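*Asks:* Line by line, the protein sequences give chains Y and G. Residue numbering for the first sequence follows the numbering used here, beginning at 20 and increasing consecutively. Residue numbering for the second sequence follows the numbering used here, beginning at 1077 and increasing consecutively. Below: one structure in structure tokens.
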Amino acid sequence: MIRYIFQRILSVLPTLIGVTFVIFMFQRLIPGDPAIAMLGEHATDESIERIREQLGLNRPLFLDREALVDGDLQGFFDSQYMRYMARLSRLDLGDSIHRRIPVMETLKLRFPATVELSLLSMIIAVIIGIPVGIVSASRRNTAIDSISMVGSLIGVSMPIFWLGIMEIMLFAVILQWLPAGARLSTGIEIESITNLVLIDSLITGNMEGFVDAISHIAMPAVALATIPMGIIARMTRSSMLDVLQEDYIRTAKAKGLGGRLVLFRHALKNAALPVVTIIGLQAGTLLAGAVLTETIFSWPGIGRWIYDAILGRDYPIVQGGTLLIAIVFLGVNFLVDILYALLDPRIRYK
Amino acid sequence: MVKITPEEITVTDFAVREHRSLWGDAWKRLLSSNTARLGMFIVVLFVSSATFSHYFWKYEPKKDLDYSLKLKAPIFIPTEEIPSVHPFGTDKLGRDIFRRVVHGGWNSLRVGIVAVGISLFFGGTIGLLSGFYETVTMTTTERLVLFGTAGFLMGSLSAWIADQYFQLILYAGLGLAAGYYQDLFKGKFLRMVTFGILGALFSAVPGLFISPTVAVICGLWGLLSGVLLSRPLDGKFFSNVMMRLMDIVLSFPGYLLAIAIVAFLGPGLGKGMIAIGVVGIPIYARLTRSVVLAIIHKEYILAAQSVGESHGRIIFRHITPNILSPIIVQTTMGLASAILSAAALGFLGLGAIPPEPEWGAMLGESYRYLTSGAWWAVMFPGLAIMLSVLGFNLLGDGLRDALDPKLRT
């Protein structure tokens, strides 16, 4: 098992380096000079040059061939990319160009908001998706099956930004039951321990804060949960249907075991593998793909933040945020791989 | 007692059963499914209304403006106040939303089709070649192409450092030599040493004319390249490199990557198509590779190989037709997700440029005056997105069931 884990780590590493490379390249290729973006159109040439020097933007992208021709080996490797990698190894993501605060600090504040939102969505998706899939599979080709499968397909086809808008329209504008955006109402304060407001308010016994937090997170979480819910329900159904055809299910039934026992003890356990995979994949996508939901509900998470940074040419934020998302995504996939090998020994020995 | 006359009995001759082709069978099965029929109906409805309106129902978005009809709720019977029919209501500029939704379909569907076309073409090619050469041994010519390209690519770094572009030819030549003399010192350490030294010399000697440090760095790079080229590179190597590249693209969340690409290219419908298309490439590459790997050991491929058919012919005549069904299913589903992504880009203001009608962009505009209570302005464009995506998904689901050979009796 340890050998397998080690192998997986080795195979993730080149991907990770490739990811830093792409992230670095992309942000430098986007048109627009960050020095001008910082100082405005009317800045003098000298001040622009000074800022470029400060940010290291005057260095070549990858390697400095002129320094090498002059015999300066250290200068040869002193490039924007190498400096970026050196800073990364110290966990320094640089400062935001516009706001001049370290990216890492804002990340620490914003990332928990995204984690909280996606975790809650994932919980909703799993709690509804898996039972729907099981019921569909066990009542194959009945009306219940058709309805829940068309329902989950509608979930998969849902433009979540539209669903979010419709939710706001109904619950915030027309009925005025729930607030339309943000994480907490103004005036409500919750002591931050984990930075996940739901958990913090529970730990500190702040019921008023908890209710307020729930009322804020409900709409975005439901909107974000629709697509994974549909995907999980469909996956559970098809995986259950595959397993229900197996011989051991027939044997269990022939032994006279009750339908429910066979369904949960024998079928569900064996059908869990692909479902676990898809949940892992969806968790990674959710964490990352909350851009639209966060935009609509003005949720102070990283998706919205990166989107603004792309439009504002704030390179360090884009690089730091995207890198974090890619790492989380790769990390989740890695965990799913390990879990898979734990659950199915055949994979380890391949 | 019931009497049966011989005329009433129809005899089925089992021996001369009517000929049924794979596709004919699949078509019949597709038609027999309720959900697939619903999907097909939705798809045909959207495609034909968009195409028809584009050619026969002229609409000029730049001139469409009428403040007297601003934000009217859906109206079916003309009144004195509002003399025209607006089944979906009007938006903030007094434009008929029904008209814009129908015309917007042309843009949204077009983005979907072109984007999927891009992903399918590049992803399919990469997947097909990776899957094929991962198992089938390369011919000499193919190996030479692989080695030559590898040498050329590695040489580009050294050539750039030394600013001597003839080094590209030297490196490519080294690659070709390594590919051609595969048996030279085969499996021995000497092979690595020979090509390593050759590479170092090819790079360091020209580098000396620039400066000693350049010579050292280029020499080291040449040594590394030579050692790599001395290895028995094959299709597996190519496939590994390609799949790692796809992994890198896949490790970025789709939306974010598309947004970044559009930010790089600038907003617009065409740029959106490219962005969504690029993001989709790895999905098709992985799928194609896996289906190729699933059929490559089949007897008919072996037979084609043993009668000496060329690799190109095997790929086009034997492999491509046999991997079509999963690809068709994925393409249909891919159209759904491409339309969804296009709408998302439009919603974020990165797709179609206003006043061009596009579903996502329409939602993005009406989202700003949400508090005015004009539910129809956000309801109908979104409903159009959802229905068209649902249509393609239903059709894709139906196609998967129809094309699944396990169900064939």
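Don't be surprised by glycine CBs; every beta carbon is placed ideally from N, CA and C. Treat the numbers as computed from the prediction; the structure is a model and nothing was measured.
If contact means a Cβ-Cβ distance below 9 Å, which residues of the stretch 1280-1291 of chain G contact chain Y?
*Replies:* Against chain Y - using a Cβ distance shorter than 9 Å - the residues of the stretch 1280-1291 of chain G are 1286, 1287, 1288, 1289 and 1290.
*Asks:* For residue 340 (chain Y), which residues of its own chain have a beta-carbon under 6 Å away from its beta-carbon, when the five flanking residues on both sides are left out?
*Replies:* Closer than 6 Å at the Cβ level, and outside the excluded window around residue 340 (chain Y), lie 321 and 325.
*Asks:* Since residue 1416 (chain G) meets chain Y, which of its residues come closer than 8 Å, beta carbon to beta carbon?
*Replies:* Result: 176 and 178.
*Asks:* Rounded C-beta distance between residue 1310 (chain G) and residue 1214 (chain G)? I'm assuming under 8 Å.
*Replies:* Contact flag correct, Cβ pair sits at about 6 Å.
*Asks:* Evaluate the contact criterion for the stretch 1386-1406 of chain G versus the stretch 1223-1232 of chain G: three or more CB pairs, one atom per stretch, below 8 Å.
*Replies:* Short answer: they don't touch.
*Asks:* For residue 63 (chain Y), which three-state DSSP category applies?
*Replies:* Residue 63 (chain Y) falls in the coil class under three-state DSSP.
*Asks:* Residue 205 (chain Y) by DSSP, collapsed to three states: which one?
*Replies:* Three-state DSSP puts residue 205 (chain Y) in coil, outside helix and strand.
*Asks:* What would DSSP say about residue 121 (chain Y), mapped onto helix, strand or coil?
*Replies:* Three-state result, residue 121 (chain Y): strand.
*Asks:* Compare the C-beta of residue 328 (chain Y) against all C-beta atoms of chain G and say whether one is closer than 7 Å.
*Replies:* Not closer than 7 Å to any Cβ of chain G, the Cβ of residue 328 (chain Y) fails to qualify, so no.
*Asks:* Can you confirm whether residue 1358 (chain G), when its beta carbon is compared against all beta carbons of chain Y, has any partner nearer than 7 Å?
*Replies:* No, residue 1358 (chain G) lies away from the interface with chain Y (no Cβ there is under 7 Å from its Cβ).
*Asks:* Rounded to whole angstroms, what is the Cα-Cα separation between residue 165 (chain Y) and residue 1111 (chain G)?
*Replies:* Residue 165 (chain Y) and residue 1111 (chain G): Cα-Cα distance of roughly 9 Å.
*Asks:* In angstroms, rounded to a whole number, what distance separates the CA positions of residue 1299 (chain G) and residue 1221 (chain G)?
*Replies:* Those two C-alpha atoms are separated by around 21 Å.
*Asks:* For the alpha helix (DSSP H) that residue 1441 (chain G) lies in, which residues bound it at each end?
*Replies:* Run containing residue 1441 (chain G): 1435-1443, per the alpha helix (DSSP H) assignment.
*Asks:* Can you check which of these residues, Y:311, Y:126, Y:189 and Y:85, is closest to residue 1238 (chain G) by C-alpha distance?
*Replies:* Checked all of Y:311, Y:126, Y:189 and Y:85; the closest Cα to residue 1238 (chain G) is Y:85.
*Asks:* Can you tell me whether DSSP reads residue 223 (chain Y) as helix, strand or coil?
*Replies:* The answer is coil: DSSP assigns residue 223 (chain Y) none of H, G, I, E or B.
*Asks:* Out of G:1079, G:1098, G:1080 and G:1407, point me to the one whose CA is closest to residue 1480 (chain G)'s CA.
*Replies:* Comparing Cα-Cα distances from residue 1480 (chain G) to each of G:1079, G:1098, G:1080 and G:1407, the minimum goes to G:1098.
*Asks:* Looking at residue 1358 (chain G): is its Cβ nearer than 7 Å to the Cβ of residue 1405 (chain G)?
*Replies:* Their beta carbons are not under 7 Å apart, which means residue 1358 (chain G) does not touch residue 1405 (chain G) by this criterion.
*Asks:* I want to verify the contact list: residues of chain Y whose CB lies under 7 Å from the CB of residue 1323 (chain G), in sequence order.
*Replies:* Near residue 1323 (chain G) (Cβ distances below 7 Å), the residues of chain Y are 34.
*Asks:* Is the CB-CB distance between residue 179 (chain Y) and residue 311 (chain Y) below 7 Å?
*Replies:* Against a cut-off of 7 Å, the Cβ pair of residue 311 (chain Y) and residue 179 (chain Y) comes out as a contact.
*Asks:* Ends of the alpha helix (DSSP H) at residue 1282 (chain G)?
*Replies:* Note, residue 1282 (chain G): alpha helix (DSSP H), 1265-1284.
*Asks:* Using CA coordinates, which residue listed in G:1434, G:1245 and G:1292 is at the minimum distance from residue 1458 (chain G)?
*Replies:* When each option's Cα is compared against that of residue 1458 (chain G), the closest is G:1434.
*Asks:* Taking a cut of 8 Å between CB atoms, which residues from the stretch 1254-1270 of chain G lie near chain Y?
*Replies:* Cβ contacts with chain Y: none found.
*Asks:* When DSSP labels each residue in this structure, what does residue 1166 (chain G) get in the three-state scheme?
*Replies:* In the structure shown, residue 1166 (chain G) sits in a strand (DSSP, three-state: E or B).
*Asks:* Which chain Y residues are close to residue 1469 (chain G), counting only those with a beta carbon under 7 Å from its beta carbon?
*Replies:* By Cβ distance, chain Y contributes 172, 175 and 176.
*Asks:* With a threshold of 16 other CB atoms inside 10 Å of the CB of residue 247 (chain Y), please say whether the residue is buried or exposed.
*Replies:* Counting Cβ neighbours within 10 Å, residue 247 (chain Y) comes out buried, since at least 16 surround it.
*Asks:* Could you say if the stretch 175-192 of chain Y and the stretch 1439-1449 of chain G meet the contact criterion of at least three C-beta pairs nearer than 8 Å?
*Replies:* With a cut-off of 8 Å, the stretch 1439-1449 of chain G and the stretch 175-192 of chain Y count as touching, because enough Cβ pairs lie within range.
*Asks:* Quick one: using the 10 Å Cβ neighbour count with 16 as the cut-off for buried, is residue 255 (chain Y) buried or exposed?
*Replies:* Buried: at least 16 other Cβ atoms inside 10 Å.
*Asks:* Fully enclosed by the stretch 1227-1259 of chain G, which alpha helix (DSSP H) runs are 4 residues long or longer?
*Replies:* Taking only runs of at least 4 residues, the alpha helix (DSSP H) segments lying wholly in the stretch 1227-1259 of chain G are 1242-1256.
*Asks:* The alpha helix (DSSP H) with residue 1385 (chain G) in it runs from where to where?
*Replies:* Counting along the chain, residue 1385 (chain G) falls outside any alpha helix (DSSP H), and DSSP gives it neither H nor E.
*Asks:* Could you confirm whether any beta carbon from chain Y is found closer than 7 Å to the beta carbon of residue 1361 (chain G)?
*Replies:* False, the Cβ-Cβ gap to chain Y never drops below 7 Å.
*Asks:* Against chain G, does residue 347 (chain Y) count as a neighbour if the rule is that its beta carbon must be under 7 Å from one of theirs?
*Replies:* It does not; no Cβ of chain G falls within 7 Å.
*Asks:* On the criterion of 16 or more Cβ atoms from any shown chain inside 10 Å, does residue 1475 (chain G) qualify as buried, or is it exposed?
*Replies:* By the 10 Å Cβ count, residue 1475 (chain G) comes out buried.
*Asks:* Would you say the beta carbon of residue 1137 (chain G) comes nearer than 6 Å to a heavy atom of the ligand ATP?
*Replies:* With respect to the ligand ATP, the structure offers nothing, as it holds no ligand at all.
*Asks:* Are the stretch 228-237 of chain Y and the stretch 200-207 of chain Y touching, with three or more C-beta to C-beta distances below 8 Å?
*Replies:* Segments in contact, yes.
*Asks:* Return the residue from the list Y:289, Y:328 and Y:226 that minimises the CA-CA distance to residue 1332 (chain G).
*Replies:* Comparing Cα-Cα distances from residue 1332 (chain G) to each of Y:289, Y:328 and Y:226, the minimum goes to Y:328.
*Asks:* Here's the rule I'm using: 16 or more other beta-carbon atoms within 10 Å means buried, otherwise exposed. How should residue 288 (chain Y) be labelled?
*Replies:* So residue 288 (chain Y) counts as exposed.
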